[in-house]
Structure formats: structure tokens, C-alpha cells
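One structure is given here, and the rest of the page talks about it.
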Amino acid sequence: MKSAVVYYSYSGNTHRVAQLIIDLLKNKGEEATPIRIRPLKEETSFIMQCREAFLGKKPELYRTLLDLKDFDRVIIGSPVWAFKPAPAINSYLNECSSLEGKTAILFVTYGSGAGKDKALQVMKKGLEAKGARVQAMTSLQQAESAKECRDQISKLL
Ligand SMILES: Cc1cc2nc3c(=O)[nH]c(=O)nc-3n(C[C@H](O)[C@H](O)[C@H](O)COP(=O)(O)O)c2cc1C
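Structure follows, in C-alpha cells:
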């Protein structure tokens with residue numbers, strides 16, 4: 173099983189979870205390729221970040237791997253921003269190759285938890301529009317310990 177672990181992280185929480193996932197997969201003897209995405213112009217003001225996310229914007233991304241045909245599964249992670257995924261995720265789902273025949277697992281990291289399920293639904297819709305079959309979704313609070321995250325994630329893999 174070859175997985176692409178596609179994620180955006182602004183302040184590191186989603187990155188930590190993505191790393192955990194990659195470690196868990198590698199320990200199972202599976203291949204996992206990290207694809208960390210970034211917008212060319214990173215918004216740094218909280219208000220602008222919320223605005224862009226809420227409006228479902230699709231910023232231009234730094235050059236990244238968009239062709240996912242060599243992977244069996246896509247694992248995709250985002251922070252929750254204003255009840256939505258971070259805008260870079262919208263761009264990636266818009267631009268990546270078809271996911272027909274592939275499975276997907278989604279995760280979000282969050283603070284208060286407001287809008288976490290809505291953000292997952294937006295991502296699920298984007299993946300299904302690309303043809304992926306969403307197998308599992310989960311959300312992880314930003315302060316959860318590595319052990320808690322590992323326990324939660326390992327149930328899905
Ligand atoms: C612009 C912005 C908007 C956010 N909106 C929400 C939100 O609507 N609901 C929530 O539970 N957390 C919200 N958060 C908290 C983040 O989802 C949380 O800190 C997340 O783990 C950050 O991930 P990162 O460190 O990978 O960037 C927001 C954070 C930022 C910066």
C-alpha cells in the first residue's frame with residue numbers, strides 16, 4: 173500500500189500529526205510520501221486567514237506533486253480555519269490528478285472544535301468530486317498528546 177500524506181500546516185500541529193501518520197505507516201512496512209503544501213503568498217493575519225478560508229479561496233501553491241496516480245491511498249490533513257479547511261487544501265483538491273479508484277483518509281486539527289465536522293465535510297466533498305472513496309475521517313485537538321494522537325490515528329490505518 174502506497175500512501176500520499178498531503179497536508180497544510182501553518183503553526184505545526186497538523187505537521188506533527190502528519191509525521192505521526194508517516195511513522196505509523198512505515199512501522200507497518202508501508203510506503204508513505206509526505207506532500208506538504210504551501211500557498212505562494214502566505215496570509216499571516218488571523219482575520220485574513222479566516223476570511224480566505226471562510227470564502228473557500230484557492231490560492232496559488234508553491235510547486236508541488238499534483239500527480240497522485242502512483243499512490244493507492246491519499247491521506248489529507250488540514251487545520252480548521254473559520255469552520256473550513258485552510259485555503260491551500262482547496263487549491264490542492266482542485267488541481268491534483270483524478271483520484272478515481274483510490275481511497276482517502278481525512279484529518280483536521282483544531283482549537284475550540286467549532287466547525288471541525290463542517291471542515292471535514294468540505295474536504296470529503298472535494299475528494300469525492302475527484303473520484304476518491306473516503307474511508308475514514310477524524311479530528312484531533314491541538315493539545316492532544318502524541319500518544320492520544322497515535323491511538324486515534326492507528327485505528328484508521
Ligand atoms: C485563522 C485561524 C482560524 C481558526 N479557526 C478555527 C475554528 O474555526 N475552529 C477551531 O476549532 N479552531 C480554529 N483554529 C485553530 C486551529 O485549527 C488549530 O490551532 C490547528 O491545530 C492549527 O494547525 P496548524 O498548527 O497545523 O496550523 C483557527 C486557527 C487559525 C490560525
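Residues in the sequence shown are numbered from 173 upward in steps of one, following our numbering.
Yeah, the Cβ is synthetic: ideal placement off N, Cα and C, and Gly gets one too.
Bear in mind the structure is a predicted one, so any value in this text is a computation, not a measurement.
Rounded to the nearest whole angstrom, the C-alpha separation of A204 and L197 is 7 Å. Within the same chain, Cβ atoms closer than 6 Å to the Cβ of V252 are found at V280, Y282, G287, K288 and A291, the five residues on either side in sequence being excluded.
Each of R188, K297, S181 and F243 was checked against the Cα of E316, and the nearest Cα belongs to R188.
At least one heavy atom of ligand 1 is found less than 6 Å from the C-beta of P251.
By DSSP's assignment, M309 forms a beta bridge with L278. Cβ contact annotation for D244 (same chain, cutoff 6 Å, sequence separation greater than five): M173 and K174, in chain order. E224 carries a helical assignment under DSSP once its states are collapsed to helix, strand and coil. In this chain, the alpha helix (DSSP H) harbouring Y264 covers P259 to E267. Scanning its chain for C-beta atoms nearer than 8 Å, with the 5 sequence neighbours on each side dropped, one finds around L233 the residues I209, R210, P211, L212, A260, S263, Y264 and E267, in chain order. If you ignore the 5 residues before and after L271, its C-beta comes within less than 7 Å of the C-beta of L240, V246, L299, K302, G303 and A304, all in its own chain and listed in chain order.
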